[in-house]
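There are 2 protein chains.
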Amino acid sequence: MNKVFRALSDPTRRQVLQLLRKGPLSAGELSDPFDVSKPTMSAHFAVLKEADLVHAEKDGKSVIYHLKLSVLEEALLGFIHSFDLGTETPKPNEETER
Amino acid sequence: MNKVFRALSDPTRRQVLQLLRKGPLSAGELSDPFDVSKPTMSAHFAVLKEADLVHAEKDGKSVIYHLKLSVLEEALLGFIHSFDLGTETPKPNEETER
DNA sequence: GACATATTTAGATGATTAGCTAATTATCAC
DNA sequence: GTGATAATTAGCTAATCATCTAAATATGTC
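As they're listed, the protein sequences go chains A and B. Quick note on the UniProt record's numbering: the first sequence kicks off at 1 and runs consecutively. Quick note on the UniProt record's numbering: the second sequence kicks off at 1 and runs consecutively.
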């Protein structure tokens, strides 16, 4: 969960996730709209993968990235719900990592 | 919105927000549970303030911090909803900052 | 095998970040 | 005003981060 928020802290990575809304895209296709080098984009993909927000699948010369919407939703909605004080399980404290 | 995600990327800051769930707390009270120096916590508060996630109010010698739940919700739910493609207003693209 | 294409790894750099201690500012109580 | 308490600012450091170019690793085509 820490990794999810860390991954989401970069605008480029958030935009990559948005691009994946409509369906899987290759690393190249995902990189095209951005004005940064391929290696830089590759590093962004690695962060998203590490956070389990995307799944990478090799297809010939390409690598196809799939959005893992459920992971994104669980992290964000889970966090938001922890503030609702009523819709939430009596889980008084979590997130003591660092 | 970029600032919100940036602010949320740190576990300490997320925990500060959690502490503020039940009501306003002073800088000192917010710092107590953490094993870092007061100045460091003060810097965290500044980031949260900058993201508009908290409101600071001076009260005598103390500074009382209030959670701005609406800002948090709008940012996170807004982002999540942009993936739902159906529950969402036709706002095709946003977040082009950086 | 030689070449082209797609992506990642290696290695370096400048900027940002979280952390600290020491000093400063603000407020309250005598 | 002195002294105590609460919080922030100043100044520094080590670690992390986003970025780059060049090189390496597939994979497919001829």
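Backbone N, C-alpha and C define an ideal beta-carbon position, used for all residues, glycine too.
On the three-pair Cβ rule with 8 Å, is the region 1-18 of chain A touching the region 35-53 of chain A?
yes
Just to confirm my understanding: we take S62 of chain A, look at its own chain, exclude 5 residues before and 5 after, and list those with CB closer than 6 Å. What are they?
So the qualifying residues of the chain are S26.
Interface residues of chain A around E73 of chain B at Cβ under 7 Å?
I80
Mind checking the region 49-65 of chain B against chain A and listing, in chain order, the residues whose C-beta falls within less than 8 Å of any C-beta there?
Cβ proximity to chain A below 8 Å picks out nothing from the region 49-65 of chain B.
Pick out the complete alpha helix (DSSP H) segments inside the UniProt domain "HTH arsR-type" (1-87) of chain B, 4 residues or longer, and give them in chain order.
2-8, 11-19, 27-31, 38-50 and 69-81
Would you report the Cα separation of D84 of chain B and K22 of chain A, rounded to the nearest angstrom?
10 Å
For L69 of chain A, which option in A:D59, A:S82, A:F79 and A:H55 has the closest C-alpha, if you only look at C-alpha atoms?
A:H55
Please tell me whether H44 of chain A has its Cβ less than 8 Å away from any Cβ of chain B.
no
I need the straight-line Cα distance from N2 of chain A to S9 of chain B, nearest angstrom please.
7 Å
Considering only residues of the same chain and omitting the five flanking positions on each side of P24 of chain B, which have a CB-CB separation below 7 Å?
Hits under 7 Å: I64, Y65 and H66.
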